[in-house]
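Participant: Please read through the structure below; I'll follow up with questions.
Residue numbers (the numbering used here), protein chains in the order written: chain A, 1 to 310; chain B, 1001 to 1310.
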């Protein structure tokens, strides 16, 4: 099954207790696409890059057989993000600055994503992941489909929940799986207990959800089914940037390889996503994620399974 | 197998977002004993009560077939604790006051626990849990045994780690399982990553450990084995007081019912402890823990198992 992702392509400057990196290739769509490329053979990225974009970075994507026809070049700057992680709370990215805060003209000012590139067969089956972005764009992308995607995953973030809560919530009945952080779930529902967050999200029309718990793992919920997966215990969390999108890439990537969307397959997808996220955090940026063998993935999955089996 | 616990018997005044309770029966030994009484038929408590102690509270223990011969009456006040829980971080108990802070003469001023009551057969096999307490007393209790307990579990807390770190660490090679909170593990090792905490604790002589992650569950570690158990998702965390000791009671209680201390039994003990803790937090104080049927426990265990099985 073809897997499409719509999201941000960016350059990140990141500081953690293990050092700093400036202007490294990143963005939600990038992490998602590279992670999912280890599962799905047909990953397509929709996003925008600017006139300062290093074309060799596109080759990083194509080297992983990722289709980049949906990436458009705009005559402004690529989106940039500067953030840091404190050693005491590595789950929380602290935004120091970004193109919008700096008032720099950038691709996000005017770009409205288009789901299908011009020669694409719009009748072909596909899965879709809407990475974090403007909820009005996300709704527009859903409306661009004449034939609905088989599976639609959605991410959002605190900025949109705070500024456009109604538009975010309007998406919930339209999608199949919401993939968000614990803090975002609490912000959306104004509840503290995870159980209450889940019940409230159901009442907002969410059918399935993965609530990411950072270094504690995740909680998957569908109807009365609840399923926990712990994070893989790694020595050092060098850089958590992109971990959530790497999770989503592994999750949606796995679900693009299965015959049927059974509950067991959703649970396996949670395992696969957790494995992919565990690699992402081991080096700055995309470094570790770009250098994986299928055997690395298999061994890491065995390690994770050993952590949860009696 | 007989199961002995040495710890505090107290009156607690507790505030959470769900209300307040004053001077309710509690203490580490109390929660441990009541929780473990659902597993083990021979639970014995060692601790001290004061001249203000309500004798009918001892009947609560004996009604659960808990042996109270090791509880001594002292002519000062019973230890009292006042604490609160913030709705945003229900895992962290905030101590508002206690008998020591208030400068009230209380049982902990002079009491030195004695492991065996006078008619007890000191050659009989037993398991031992040293609930949080002065590490010099804990070491003394270990030295009181001519015949070592089959299994020794140990708890401690930030107060002792900060004030007597060497005495706490001296205990580690002498015990079989360390049961502590994530914050305590980080404080002991000065490490942020759980993996590094575990490795450091091994190097300090800890053989097995359970690191409690609050509402995220726990991590068990022995040699290369790692095993996660999530917390049971409950609607409301009314009062987390005693959850850790209820866990330890279920854990040690389960291990007092098995023929052999296999790794599988340790993992089952983690599950049982998690189940017992999940009841503890559902009401203020001992209320829920005192009113359980074996069927309640079985159903809760099934619920927990459903959360972790693919």
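No residue lacks a Cβ here, since even glycine has one placed at the ideal position from N, Cα and C.
Tell me which residues share the same chain as residue 1017/B and place their Cβ nearer than 7 angstroms to its Cβ, disregarding the 5 neighbours each side in the sequence.
Facilitator: For the purposes of this step, residue 1017/B is identified with residue 17 of the second chain, where counting begins at 1. Excluding residues within five positions, the ones whose Cβ falls inside 7 angstroms are 1087.
Participant: Which residues in the same chain have their Cβ closer than 6 angstroms to the Cβ of residue 31/A, if we skip the five residues on either side of it in sequence?
Facilitator: Sequence index remark: in the first chain, residue 31/A carries index 31 (1-based). These residues qualify, in order along the chain: 242, 245 and 246.
Participant: Between 301/A, 199/A and 128/A, which has its C-alpha nearest residue 148/A's C-alpha?
Facilitator: The residue given as residue 148/A occupies position 148 in the first chain. It is 128/A.
Participant: Note down, in chain order, every chain B residue with its Cβ under 8 angstroms from the Cβ of residue 234/A.
Facilitator: Within the first chain, residue 234/A is the residue found at index 234, counting from 1. Correct list: 1193 and 1195.
Participant: Going by CA-CA distance only, name the one from 1076/B, 1077/B, 1046/B and 1062/B that's closest to residue 1118/B.
Facilitator: For the purposes of this step, residue 1118/B is identified with residue 118 of the second chain, where counting begins at 1. Residue 1046/B is the option with its Cα nearest to residue 1118/B.
Participant: Buried or exposed, going by whether 16 or more other CB atoms sit within 10 Å of the CB of residue 1101/B?
Facilitator: Position 101 of the second chain, counted from the first residue, corresponds to residue 1101/B. Classification for residue 1101/B: exposed.
Participant: So, is residue 155/A buried or exposed, given that buried needs 16 or more other C-beta atoms within 10 angstroms?
Facilitator: As a working note, residue 155/A is residue 155 in the first chain. Classification for residue 155/A: buried.
Participant: Of all the options 38/A, 51/A and 72/A, which has the alpha carbon lying nearest to the alpha carbon of residue 294/A?
Facilitator: Locating residue 294/A in the first chain gives position 294, counting from the first residue. If we check each option's Cα against that of residue 294/A, 38/A comes out closest.
Participant: Roughly how many whole angstroms lie between the Cα atoms of residue 1008/B and residue 224/A?
Facilitator: In the second chain, counting from the first residue as 1, residue 1008/B sits at position 8. In the first chain, counting from the first residue as 1, residue 224/A sits at position 224. Going from the Cα of residue 1008/B to the Cα of residue 224/A covers about 40 angstroms.
Participant: Name the chain A residues that come within less than 7 angstroms of residue 1307/B, Cβ to Cβ?
Facilitator: As a working mapping, residue 1307/B is identified with position 307 in the second chain. Result: 226, 227 and 228.
Participant: DSSP three-state call for residue 1073/B: helix, strand or coil?
Facilitator: Residue numbering aside, residue 1073/B sits at position 73 when the second chain is read from its first letter. Correct three-state label for residue 1073/B: strand.
Participant: By the criterion of Cβ-Cβ separation under 8 angstroms, what are the contact partners of residue 42/A in chain B?
Facilitator: By 1-based counting over the first chain, the position of residue 42/A is 42. Under the 8 angstroms cutoff, chain B gives no residues; its nearest Cβ is about 27 angstroms from residue 42/A.
Participant: So is residue 1278/B in contact with chain A if we call contact Cβ pairs under 7 angstroms?
Facilitator: Mapped onto the second chain, residue 1278/B falls at position 278. Output row for residue 1278/B: interface = no.
Participant: Which whole-angstrom value is the C-beta distance of residue 196/A and residue 189/A, which I expect to be below 8 angstroms?
Facilitator: Sequence index remark: in the first chain, residue 196/A carries index 196 (1-based). Sequence index remark: in the first chain, residue 189/A carries index 189 (1-based). Yes, they are in contact, since the Cβ atoms of residue 196/A and residue 189/A sit about 7 angstroms apart, within 8 angstroms.
Participant: Among 108/A, 59/A and 161/A, which has the Cα closest to the Cα of residue 80/A?
Facilitator: The residue labelled residue 80/A in the question sits at position 80 within the first chain. Per the Cα distances, 108/A.
Participant: Would you say the beta carbon of residue 1211/B is closer than 6 angstroms to some non-hydrogen atom of the ligand ADP?
Facilitator: This structure does not include the ligand ADP; it has no bound ligands of any sort.
Participant: In the DSSP assignment, the alpha helix (DSSP H) including residue 247/A goes from what residue to what residue?
Facilitator: On the first chain, position 247 is the one that residue 247/A refers to. From DSSP, the alpha helix (DSSP H) with residue 247/A extends over 243-255.
Participant: In whole angstroms, what is the alpha-carbon distance linking residue 125/A and residue 20/A?
Facilitator: Sequence index remark: in the first chain, residue 125/A carries index 125 (1-based). Sequence index remark: in the first chain, residue 20/A carries index 20 (1-based). Taking the straight line from one Cα to the other gives about 42 angstroms.
Participant: Using DSSP with H/G/I as helix, E/B as strand and the rest coil, what is residue 1044/B?
Facilitator: Your numbering for residue 1044/B matches position 44 in the second chain. Strand at residue 1044/B.
Participant: Over what stretch of residues does the beta strand (DSSP E) that includes residue 1036/B continue unbroken?
Facilitator: If you number the second chain from 1, residue 1036/B lands on position 36. Unbroken run through residue 1036/B is the alpha helix (DSSP H), 1028-1036; no beta strand (DSSP E).
Participant: Give me whichever residues DSSP pairs with residue 1181/B in a beta bridge.
Facilitator: Taking the second chain and counting its residues from 1, the one referred to as residue 1181/B is at position 181. Bridge partners of residue 1181/B: 1212/B.
Participant: For a contact meaning CB atoms closer than 7 angstroms, what does residue 1213/B contact in chain A?
Facilitator: Against the second chain, residue 1213/B aligns to sequence position 213. Neighbours of residue 1213/B on chain A, chain order: 216.
Participant: Using three-state DSSP, classify residue 1085/B as helix, strand or coil.
Facilitator: For the purposes of this step, residue 1085/B is taken as the residue at position 85 of the second chain. Three-state DSSP puts residue 1085/B in coil, outside helix and strand.
Participant: Excluding the five sequence neighbours on either side, which residues of its own chain have a C-beta within less than 6 angstroms of the C-beta of residue 40/A, listed in chain order?
Facilitator: Residue 40/A sits at position 40 when you count from the first residue of the first chain. Excluding positions up to five away in sequence, the list reads 3, 253 and 256.
Participant: Please determine if the stretch 1271-1288 of chain B and the stretch 1227-1234 of chain B are in contact, where contact requires at least 3 C-beta pairs separated by less than 8 angstroms.
Facilitator: Flag = yes, the stretch 1271-1288 of chain B and the stretch 1227-1234 of chain B touch.
Participant: Go ahead and label residue 1173/B buried or exposed: buried means 16 or more other beta carbons lie within 10 angstroms of its beta carbon, across all protein chains shown.
Facilitator: Taking the first residue of the second chain as 1, we reach residue 1173/B at position 173. It is exposed - the Cβ of residue 1173/B has fewer than 16 other Cβ atoms within 10 Å.
Participant: Would you call the stretch 1157-1176 of chain B and the stretch 1197-1217 of chain B in contact, with 3 or more CB pairs under 8 angstroms?
Facilitator: Taking 8 angstroms as the limit for Cβ pairs, the verdict is that the stretch 1197-1217 of chain B does touch the stretch 1157-1176 of chain B.
Participant: Do you know how far the Cα of residue 222/A is from the Cα of residue 291/A?
Facilitator: To locate residue 291/A, count along the first chain from 1; it is residue 291. To locate residue 222/A, count along the first chain from 1; it is residue 222. Between residue 291/A and residue 222/A, the C-alpha separation is close to 34 angstroms.
Participant: For residue 1014/B, count neighbouring C-beta atoms within 10 Å of its own C-beta (all shown protein chains included) and say buried if the count is 16 or more, exposed if not.
Facilitator: Taking the second chain and counting its residues from 1, the one referred to as residue 1014/B is at position 14. Flag for residue 1014/B reads buried.
Participant: Name the chain A residues whose beta carbon is nearer than 7 angstroms to that of residue 1206/B?
Facilitator: As a working note, residue 1206/B is residue 206 in the second chain. Simply none; closest approach about 16 angstroms.
Participant: Can you give me the Cβ contacts of residue 288/A inside the same chain, cut-off strictly under 7 angstroms, excluding the 5 residues immediately before and after it?
Facilitator: Here the question's residue 288/A lines up with position 288 in the first chain. Excluding positions up to five away in sequence, the list reads 279, 280 and 282.
Participant: Answer yes if the stretch 1158-1171 of chain B comes into contact with the stretch 1127-1147 of chain B, meaning at least three C-beta pairs across the two stretches below 8 angstroms, and no otherwise.
Facilitator: Judged by Cβ distances under 8 angstroms, the stretch 1127-1147 of chain B makes contact with the stretch 1158-1171 of chain B, as three or more pairs qualify.
Participant: Spatial neighbours of residue 1307/B within its chain, please: CB distance less than 8 angstroms, with the 5 preceding and 5 following residues excluded, ordered by chain position.
Facilitator: Your numbering for residue 1307/B matches position 307 in the second chain. Same-chain partners within the cutoff: 1230, 1232 and 1233.
Participant: Could you name the residues that DSSP lists as bridge partners for residue 222/A?
Facilitator: Here residue 222/A is taken as the residue at index 222 of the first chain, counted from 1. Looking at the DSSP assignment, residue 222/A forms a beta bridge with 208/A and 225/A.
Participant: Taking C-beta pairs closer than 8 angstroms, name the residues in chain B that residue 237/A reaches, listed in chain order.
Facilitator: On the first chain, position 237 is the one that residue 237/A refers to. Within chain B, the residues near residue 237/A are 1193.
Participant: If the cut is a Cβ gap below 8 angstroms, which residues of chain A does residue 1310/B touch?
Facilitator: For the purposes of this step, residue 1310/B is identified with residue 310 of the second chain, where counting begins at 1. Correct list: 227, 264, 267, 268 and 271.
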